[in-house]
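S.K.: Every position in the sequence shown, counted from 1, becomes a number in the working numbering once 241 is added. Idealized CB from N, CA, C, for every residue including glycine. Values in this document were obtained by computation on a predicted structure and should not be read as measured data.
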Amino acid sequence: MILLEAMASETSVVASDITGYRDAVGDAGVLFAAGDEAALEAAIVTALARETSETIAAARSHAQEWSMSRLVDEYAGLYDEARQRFQSAK
Numbered sequence: 242m243i244l245l246e247a248m249a250s251e252t253s254v255v256a257s258d259i260t261g262y263r264d265a266v267g268d269a270g271v272l273f274a275a276g277d278e279a280a281l282e283a284a285i286v287t288a289l290a291r292e293t294s295e296t297i298a299a300a301r302s303h304a305q306e307w308s309m310s311r312l313v314d315e316y317a318g319l320y321d322e323a324r325q326r327f328q329s330a331k
């Protein structure tokens, strides 16, 4: 959630390229290989260089797509799908 909060607050996001972060950041931030200090440095430079009012607005819009109500709806759908599979397997 911290990445989404940063984007919603119009802050550039640099994050490790790992599953949860990759999904949350999408194209709205800059990812780098986890544990690679040189890649982190390059990602920070890239994020600062490409920061414009347009990229900030895109990041904020991306963060808003990840609202709690959307996440709740998605989780509820997953639970419903799992329940249906379980019942049909009986």
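Rounded to whole angstroms, what is the Cα-Cα separation between alanine 304 and glutamine 325?
M.R.: Near 31 Å, if we compare the C-alpha coordinates of glutamine 325 and alanine 304.
S.K.: What is the rounded straight-line gap between the Cα of valine 313 and the Cα of alanine 323?
M.R.: Roughly 15 Å separates the two Cα atoms.
S.K.: Taking C-beta to C-beta, are valine 286 and leucine 272 nearer than 9 Å?
M.R.: Not a contact, by the Cβ cut-off of 9 Å.
S.K.: Mark alanine 265 as exposed unless 16 or more other C-beta atoms lie within 10 angstroms of its C-beta, in which case mark it buried.
M.R.: Buried: at least 16 other Cβ atoms inside 10 Å.
S.K.: For serine 257, which of helix, strand or coil comes out of DSSP?
M.R.: Three-state result, serine 257: strand.
S.K.: Quick check: leucine 289 and serine 253, are their CB atoms within less than 9 Å of each other?
M.R.: Going by C-beta atoms, leucine 289 is nearer than 9 Å to serine 253.
S.K.: When burial is assigned at 16 or more other CB atoms within 10 Å of the CB, is leucine 334 buried or exposed?
M.R.: With the chain covering 242 to 331 only, the question about residue 334 has no answer from this structure.
S.K.: Cβ of serine 250 within 9 Å of Cβ of alanine 275?
M.R.: Taking 9 Å as the Cβ cut-off, serine 250 and alanine 275 do not qualify as a contacting pair.
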